[in-house]
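Working notes, beginning with the structure itself.
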Amino acid sequence: MKIKAILLSLAIFSFMGCQNQKETADLIIKGGTIYTVSDNQPTVEAVAVKDNKIIYAGSASELEKYTSENTKQIDLAGKTMTPGFIEGHGHFMGLGYNELNVDLLQTKSFDEIIQKVKEAVDGAEPGQWITGRGWHQSKWSEMPENTINGFPLHHAISEVSPNNPVYLRHASGHAGMANEKAMQIAGVLPLSKESMANLDVEGGEIFRDEQGNPTGVFNERAMTLITKHIPESTPEKDRKAFELAVKASHRNGITSFHDAGIGRENIQLYRDMKAEGKLDVRMFAMLTGWDKELLNEWYEKGPEVDSAHLLTIRSIKLNCDGALGSRGAWLLEEYTDQPGHFGHETLPMSFVYTTSNKALQTGFQVCSHAIGDRANQEILDRYEKAMNENAALTDNHRFRIEHAQHLHPDDIPRFAELGVIPAMQAVHMSSDRPWAIDRLGEKRIKEGAYMWQALLQSGVPIVNGTDVPVEPIDPLASFYASVSRKTLEGTPEGGYEPEQKMTRAQALKSYTLDAAYGAFEEDIKGSIEVGKLADFTIFDQDIMSIPEDDILQTNVAMTIFDGRVVYEK
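Mapping of the sequence shown onto mature numbering (1 follows the signal peptide of the UniProt record, and there is no 0): residues -20 to -1, 1 to 549, in sequence order.
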């Protein structure tokens, strides 16, 4: 009996000792405003982290019990911290390659592009392909003297690069310009209009002059006439582009990335990078719908949800129409500035329906690119048909429409009714709105373009982002556009269609918790709460309270990923 009593006493003493033991933190962050994106406590004074999880968020007065001699402390010194920003729709390797190839995102004229091509040619070997991306004719301060359909002709680029093939992707990724050498390689030569008709591509267009000669611009699926001749990348170059993309993400406070359409090569690269400990961005990757064999393989094995929350593959990306800038967006009514033209259906709607059915049956999410109002309507129709036929499998489908830029008013409430998430990049409004009215006319713009507040009020979340490399990855540009409805130059006064502005709280949520929801990950990230992953973005100004005009003057001061500081300005 005495032995039993002693053992019981020891057990009670040991239990009480464990109860009094404090859980000390590896990292404590305090000294500034911390926005949690949690309704329970919207702001806190301090956060404590152990390993890669948040173990405390609250008052700074409670920190002592989480502190040991080994605890690292970060003093925000008045800076502002939010949950780690999530790029809700981008192209990760495109981001990396934009840093390796000719970057045309900031060019303001065709002359600037010619000069950049000339510089690239001067540093290239004879015959080497010169590739780049980022030009957008509607953003130029002046247009060249000769244009076709509002696009420049190839002759000036051909002149500075007679021996090197050149291919420059439009910022949208839905058109491209080739020089004469590239067209010679592709077999697209100056021919009569009748002969050129033989080179028409379904779902695409070769721009031609009055004689039927190619201008150098290839729209939508016609781009493949050129791109299939560009040499494939090397594994070494892919790795370099990947590493540059990680660094660019960190510089911009991005801790998670929704990669909108990847093939088997990138899947393997991402797996390799994860195995080597180099996947320092949480990747939510969408399988490209262009590769049917790849989709069938994944239907057989099902989604891959990473227990380490680094690489998750459970979505399919379908490209269903083109871009507005190149008049490829698929519209219900003709383009205002090109009568008789309605854009392009770049993927059969029957395939959207088939894919939606198969995805519901195998546990995949469908994410369909749609910019024009007809593309959005047709996709919603196919989603609805598939959902009606698989009603028992629709509880948590979270199907998305990527961009959802221009909607018929009747389709706006359908997103909430069907549970479809609009993934909208606010910076597109900032870049496109000044000239989009030429494409669509005032009525369509005001009733259905960039309808953020209308969609939010209908009851659906919005996933924000930049569509990098279509736009720079800078999330503050999209945040500013979300709350101001202005161009990045600050015009017009009051913003375009101001009733559709997001509040700052809505904009922050669209880049954090709502973006996490769009990837089925709201339980592990997107807000600063106990148990969630320790991913944070720290800004040098309070983006939730500073004057609107100061948002674009704000910088990312630090990025914390998985409990580690991965970037500091």
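Note that beta-carbon positions come from the ideal geometry of N, C-alpha and C, so glycine has one too.
Could you spell out where the alpha helix (DSSP H) holding Met253 opens and where it closes?
For this step, residue 253 is matched to residue 273 along the sequence shown. Residues 244 to 255.
Just to confirm before moving on: does the CB-CB distance between Leu75 and Ala228 stay below 8 Å?
Walking along the sequence shown from the start, residue 75 turns up at place 95. Walking along the sequence shown from the start, residue 228 turns up at place 248. Yes, Cβ-Cβ distance for Leu75 and Ala228 is below 8 Å.
Classification of Pro402 by the beta-carbon crowding that lies within 10 angstroms, buried from 16 upward
Counting from 1 along the sequence shown, the entry for residue 402 is found at position 422. So Pro402 ends up on the buried side.
Indicate the three-state DSSP secondary structure (helix, strand or coil) for Asp515 in the structure shown.
On the sequence shown, position 535 is the one that residue 515 refers to. In this structure, Asp515 counts as coil in the three-state DSSP scheme.
For the region 515 to 526 against the region 58 to 69, do three or more pairs of beta-carbon atoms, one drawn from each stretch, fall closer than 8 Å, so that the two count as touching?
yes
Which residue marks the beginning of the beta strand (DSSP E) containing His69, and which one marks its end?
By one-based count along the sequence shown, residue 69 stands at place 89. Residues 65 to 70.
Ignoring anything shorter than 3 residues, give me the beta strand (DSSP E) runs that lie fully in the region 294 to 362, in order along the chain.
345 to 350
Please report the Cβ distance between Ile293 and Val346, rounded to the nearest whole angstrom; I am assuming they are in contact, meaning their Cβ atoms lie under 8 Å.
Your numbering for residue 293 matches position 313 in the sequence shown. Your numbering for residue 346 matches position 366 in the sequence shown. That pair is no contact at about 14 Å.
Identify whether Asp530 lies in helix, strand or coil by the three-state DSSP scheme.
Taking the sequence shown and counting its residues from 1, the one referred to as residue 530 is at position 550. Asp530 falls in the helix class under three-state DSSP.
For Ser464, does the count of other Cβ atoms within 10 angstroms reach 16, so buried, or fall short, so exposed?
Counting from one through the sequence shown, the residue named residue 464 turns up at place 484. Buried, since its Cβ has 16 or more Cβ neighbours within 10 Å.
I need the boundaries of the alpha helix (DSSP H) containing Phe90, first residue and last residue.
Here residue 90 is taken as the residue at index 110 of the sequence shown, counted from 1. That run of the alpha helix (DSSP H) goes 90 to 102.
CB-CB length for Ile66 against Leu7, believed under 8 Å:
Along the sequence shown, read from residue 1 onward, the residue named residue 66 stands at position 86. Along the sequence shown, read from residue 1 onward, the residue named residue 7 stands at position 27. That belief does not hold up - the Cβ atoms of Ile66 and Leu7 are roughly 21 Å apart, past 8 Å.
I'd like to know if the region 81 to 96 and the region 118 to 135 are in contact, where contact means that at least 3 CB-CB pairs between them fall below 8 Å.
yes
Please give the ranges of any beta strand (DSSP E) in the region 369 to 429, keeping only runs that are unbroken, at least 3 residues long and fully inside the region.
380 to 383, 401 to 403
Give the secondary structure of Met163 by DSSP, where H, G and I count as helix, E and B as strand, and everything else as coil.
Along the sequence shown, one-based indexing puts residue 163 at 183. In this structure, Met163 counts as helix in the three-state DSSP scheme.
Give every residue of the same chain whose Cβ lies closer than 8 Å to the Cβ of Leu340, excluding the five residues on either side of it in the sequence, and list them in chain order.
Start at 1 with the first residue of the sequence shown, and residue 340 comes out as number 360. Result list for Leu340: Ala366, Met367, Asn370, Leu373, Thr374, His377, in chain order.
Closer than 8 Å is the cut-off here; do at least three beta carbon pairs connect the region 138 to 145 with the region 157 to 168?
yes
Take every Cβ of the region 473 to 487, pair it with every Cβ of the region 497 to 516, and state whether three or more of those distances are shorter than 8 Å.
no
By Cβ distance below 7 Å, which residues in the same chain neighbour Ser411 in space, the five residues on each side in sequence not counted?
Taking the first residue of the sequence shown as position 1, residue 411 is located at position 431. If we look at Ser411 and ignore the five residues flanking it on each side, its Cβ neighbours are Lys119, Glu451.
Burial state of Val285, where buried means 16 or more other Cβ atoms lie within 10 Å:
Reading the sequence shown from its first residue, position 305 is the one you call residue 285. With fewer than 16 other Cβ atoms within 10 Å, it is exposed.
Proximity winner among Ile35, Asp31, Leu56, relative to Glu548 (alpha-carbon distances):
The residue given as residue 548 occupies position 568 in the sequence shown. Checked all of Ile35, Asp31, Leu56; the closest Cα to Glu548 is Leu56.
One question on the structure: do Thr471 and Val17 come within less than 8 Å of each other, judged by their Cβ atoms?
Looking up residue 471 in the sequence shown gives position 491. Looking up residue 17 in the sequence shown gives position 37. No, they are not a contact pair.
Determine the DSSP secondary structure at Thr539, reduced to helix, strand or coil.
Stepping through the sequence shown from its first residue, residue 539 is reached at position 559. Three-state DSSP puts Thr539 in a strand.
What does a CB cutoff of less than 8 Å around Asn81 pick up in its chain, not counting 5 residues either side in sequence?
The residue labelled residue 81 in the question sits at position 101 within the sequence shown. Once the five neighbours on either side are set aside, the close Cβ partners of Asn81 are Thr111, Gly112, Arg113.
In three-state DSSP terms, what is Arg484?
The residue given as residue 484 occupies position 504 in the sequence shown. Correct three-state label for Arg484: helix.
For His150, the first and last residue of its enclosing beta strand (DSSP E):
As a first step, residue 150 is located in the sequence shown; it is residue number 170 there, counting from the start. Where His150 is concerned, the enclosing beta strand (DSSP E) stretches over 146 to 150.
By the 10 Å Cβ neighbour count, where 16 or more other Cβ atoms means buried, how is Leu148 classified, buried or exposed?
The residue labelled residue 148 in the question sits at position 168 within the sequence shown. Under this definition Leu148 is a buried residue.
With distances taken Cα to Cα, identify the nearest neighbour of Ile523 among Glu501, Ala495, Ala457, Tyr497.
Here residue 523 refers to the residue found at position 543 of the sequence shown. It is Ala457.
Using the rule of at least 16 other Cβ atoms within 10 Å of the residue's Cβ for burial, across every protein chain shown, is Gly498 buried or exposed?
Taking the first residue of the sequence shown as position 1, residue 498 is located at position 518. Counting Cβ neighbours within 10 Å, Gly498 comes out buried, since at least 16 surround it.
His383 and Gln405 - do their beta-carbons sit closer together than 8 Å?
Residue mapping note: residue 405 aligns to position 425 of the sequence shown, counting from 1. Residue mapping note: residue 383 aligns to position 403 of the sequence shown, counting from 1. For Gln405 and His383, yes; Cβs fall inside 8 Å.
With a threshold of 7 Å on Cβ separation, who are the neighbours of Ile531 within its own chain once the five nearest residues in sequence on each side are excluded?
Translated into positions along the sequence shown, residue 531 becomes position 551. So the list reads Leu456, Phe459, Tyr460, Ile523, once near-sequence residues are dropped.
Contacts around Val29, its chain only, beta-carbon distance under 8 Å, and the 5 residues preceding and following it disregarded:
As a position in the sequence shown, residue 29 is number 49, starting the count at 1. The residues are Ala5, Asp6, Leu7, Ile8, Ile9, Ile35, Ala514, Gly543.
Pairwise C-alpha distance: Ser152 and Asn78
Position 98 of the sequence shown, counted from the start, is the residue given in the question as residue 78. Position 172 of the sequence shown, counted from the start, is the residue given in the question as residue 152. Spanning the two alpha carbons is a distance of roughly 13 Å.
What whole-angstrom Cβ distance do His388 and Leu312 have, given they're in contact under 8 Å?
By one-based count along the sequence shown, residue 388 stands at place 408. By one-based count along the sequence shown, residue 312 stands at place 332. Confirmed, about 6 Å.
Taking DSSP as the reference, what is the three-state secondary structure of Asn50?
The residue given as residue 50 occupies position 70 in the sequence shown. Asn50: coil per DSSP, three-state reduction.
Among Ala240, Gly241, Met263, His238, whose alpha-carbon lies nearest the alpha-carbon of Tyr250?
Residue 250 sits at position 270 when you count from the first residue of the sequence shown. It is Met263 whose Cα lies nearest to the Cα of Tyr250.
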